[in-house]
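Scroll down for the structure; my scribbles are underneath it.
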């Protein structure tokens, strides 16, 4: 207390010094340290002492010197300062890793004597390690477990626990030793919490502090991943009358925790501590309410006094100033006394000067009280079960209303600010009055009583203003702390919600997988039964087949009795034995009943194409030209048609300039080394929004634009060339449909976002080896629309890329809106118009961190010239992996009859088979002895995806690699708006991601500036190469090329310029 550090050092150097002793007031030397130096010296001495004793205890334990250990533990300073339940005493590596105590180590080593010694010196037999295990749980030795449970030492420890729970800590007799003291109402440890009937009780880490009971999945999660909390202020506690180890705590509404301890003593300890916490929080709530009422009343009185006396004080001061010979600076008067410089809520006289700098400018408001009030408001949620375990059946409380700033705090801030304004006005008026008096009477001495009074008033006002500013700063800090805590709390709640969503998504995927497996098993069983029934029917005479029938219930019962091989086929079919049904009549069936097993034609088609995938059906490499059942028409090539093709080819050939070099096969970089950022972490704040209007970090992009993604449709144009060679319109429809479906093969693995095109941006692409040219222009920015036009001697393909995308949290969908047109010029002459709309593309698996592209929906392709219609059904990814990428379809002729069935996977292969009324002769493929089902025939391979080599950066396809290539011969011919010249996309392709981000921001800002410029001038953007038109056949609007692009480009190749084209990059 006297601050003599030298004396303190000398005393601490004595061997018997004990800095843990308390005086009559219950204070230790550390509590009475006068200076920081003395406090640090005491702390250092204590730390060195404890470190030495810990090493000494570890040495004694390793030597087995328990007599020396007992003497050491009985030392008064060691007993007061050293916690035998601390983890630092353990020496066993497994115990240290699990966070156990020396008692855990002794139990693991079955050291009975050490266990007895530790229990007699305060070791807690109910202290758990980080894995939630008690000392008795770490050993399987029954004798050791019995000693920990029932020995006299354990009983003594239990009595100590009970006394501590009921009476408080026996060693402290201060204020906190009561049941309402801090030690008596704070606790932490493991308890078993009831989750649901499936999993029962699960071990959870519970923490009771500041009147709130929180729980976590593991001890290591404490402070960062709270699973739920109940405020003790509204909690109710119940002990189970039958089982004393169980108790229940209820919060707001139906929120309740059913808890169970391992031991009765442990349950009682928790029960009494929770009971103390409940009582303390309710007392605090009552005191807070009373304090709030007093503050509100004082604030109301202060407002009345301020409004009633301020004018009176100002008038009196003005009169006093005038009597002293100073002229007021304004008509109202200059109050030079300090009566209005302070708003005193307690003094009856506003005319006195208050010199207390620490006084409150608005009376009863105390920043410390406000801070405590807000801290309690934030920390005590009525029932804040934030995001409990997904297996915990609970409701979550909403305590947002209780966390609003109190009106008293807002009023206090307003009154203080108003008072500060008054003081500033007062200072200005006093200064003006002194200056006026000085100019009127320069000889007046500074010692004049009038001047002295004015200066005194000025000084008082300055000090009052300083106090007011200090109070304003305190109030601001309180409010900042409150809102900072609210922000952290909202952030934690958001993170917990995200974790819960991810966990739920994973569980849903697992459930869907199990359901998919069941569906697969059902199909295999169904196929096995069919094989068995077919095998039976082949061994029967026709009369027997006609006389025996099976109803559906009999088939279902038989279905359950058919064993399956690993491949899903019945061994009965291979062994040619009958079904194991008791009655002989049930061993016979007819083909009529067999066909009933097929629910629909689509099911039969799915099974057929499944068999194609399994290699059970013969597949021809292409569609033979004479496969149709109807006689093929006589092919007569029209001479004008050949002339049109030749003229078209000559026109297109001029566009191949610049594309003489071979196509590119690799990028400059060999691997995708973009910064790894969680897609979910970025998209989580965009749920429900249009993805086309969002700005994402450049690391989520791939080095292509949306215009080039449209150009990827041209990868399989050979299908259109094949269609043009076909003479039968239904065969042409098969290949056109395959082309429409092939557009999605490039989407596999392409979850990165392409660059959004700028308004007026263009892209061209030509392939001399394929005989076509393609170009596209971004004709609208909001909504984003790109108009595309591709030409070949045999066909024209055009339409608009208009999409609307939305993020739903679990997935985001891209819905195409535009119609695509195909003009096909068959070799037999004439011209056919086909139209279709693309299906929805979706990215799923975002929450679980494994995003995958899925395309689903119905696509109708219509031949407006001859009347054929094809409907393709892209199956949505289902419960099982085998259901991914599936597609089925049917081609109907002009009379509405099904002529072709199509199926396969849009990422690999598409097959077709002729199904004209199912009346064809059934011929089994080579190597198969069993007959086909009615309607079966050969399958034809219509389309197969190109191989996707591994190791290509950004998951680009080999065709996609060619799109952004910029050969030296091509660059001079491109317009300044071509995507290949875009700097941010080029930097992205080269791996310079920082520069790409900078350039992306620059070009986007340039586009915005150009848009504002047009708006100021009242101008609208007009596309350079397209204009709106309407189709004469379908009546739909579409974008028509003006035919100038390739002519202008040809002129540029002869030395011309790109007229009417802006520099947008």
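Residue numbers (my numbering): 2 to 1066.
Where is the CB? At the ideal position from N, CA and C, for every residue including glycine.
As the structure is a prediction and not an experimental result, all values here were calculated from the model.
- A direct Cα-Cα distance of roughly 40 Å separates residue 971 from residue 859.
- Following the DSSP letters along the chain, one finds residue 240 inside the beta strand (DSSP E) bounded by residues 237-240.
- Beyond the five residues adjoining it in sequence on each side, residue 968 comes within less than 6 Å, by CB distance, of 662 in the same chain, given in chain order.
- A distance of 8 Å or more separates the beta carbons of residue 80 and residue 55.
- In the structure shown, the three-state DSSP call for residue 835 is strand.
- A residue is called buried once 16 or more other Cβ atoms fall within 10 Å of its Cβ, and residue 32, having fewer, is exposed.
- DSSP places residue 992 outside both helix and strand once states are collapsed to three, so it counts as coil.
- Residue 259 is bridged by DSSP to 249.
- Note that the C-beta distance between residue 202 and residue 141 is not below 8 Å.
- In the DSSP annotation of this structure, residue 6 is not part of any beta strand (DSSP E); the continuous alpha helix (DSSP H) holding it starts and ends at 6-13.
- For residue 191, the three-state secondary structure derived from DSSP is strand.
- Within the segment 855-906, no run of alpha helix (DSSP H) at least 4 residues long lies entirely inside it.
- Ranked by Cα distance from residue 897, the first of 864, 904, 977 is 864.
- By the neighbour-count criterion, in which a residue is buried when 16 or more other Cβ atoms sit within 10 angstroms of its Cβ, residue 801 is buried.
- Under DSSP, the beta-bridge partners assigned to residue 779 are 787.
- Between the segment 827-841 and the segment 866-877 there are three or more C-beta pairs closer than 8 Å, enough to call the two in contact.
- When the five nearest sequence neighbours on each side are left out, the beta carbons in the same chain lying within less than 6 Å of the beta carbon of residue 74 are those of 122, in order along the chain.
- Each of 20, 768, 57 was checked against the Cα of residue 39, and the nearest Cα belongs to 20.
- Under the DSSP assignment, residue 132 falls outside any alpha helix (DSSP H); it carries neither an H nor an E label.
- When the beta-carbon positions are compared, residue 92 and residue 62 come within less than 8 Å of each other.
- Contiguous beta strand (DSSP E) elements confined to the segment 69-124 do not occur, taking only those with 3 or more residues.
- Residue environment analysis places residue 274 among the buried positions, since at least 16 neighbouring C-beta atoms fall within 10 angstroms of its C-beta.
- Here residue 1040 carries a strand assignment [DSSP, helix/strand/coil].
- Annotation: the segment 715-800 contains the following complete segments of the beta strand (DSSP E) (minimum length 3 residues), in chain order: 754-756, 763-768, 773-781, 786-793.
- Residue 414 sits in a helix when the DSSP states are folded into three classes.
- Annotation for residue 1033: no beta strand (DSSP E) segment contains it, and DSSP assigns it neither H nor E.
- Here residue 1019 is exposed: its Cβ has fewer than 16 other Cβ atoms, across all protein chains shown, within 10 Å.
- Between the segment 740-751 and the segment 997-1016 there are fewer than three inter-stretch CB-CB distances shorter than 8 Å, so the stretches are not counted as touching.
- Per DSSP, the unbroken alpha helix (DSSP H) holding residue 1047 starts and ends at 1046-1054.
- Residue pairing for residue 829: DSSP places it in no beta bridge.
- By the CB criterion at 8 Å, residue 818 and residue 807 fall outside the cutoff.
- Spatial neighbours of residue 246 in its own chain (CB-CB distance under 8 Å, excluding positions within 5 residues in sequence) are listed in chain order as 261, 262, 263, 264, 265, 267, 268.
- Beta-bridge partners assigned by DSSP to residue 823: 798, 835.
- Burial is judged here by how many other beta carbons sit within 10 angstroms of a residue's own beta carbon; residue 28 has fewer than 16 and is exposed.
- The continuous beta strand (DSSP E) containing residue 703 extends over residues 702-706.
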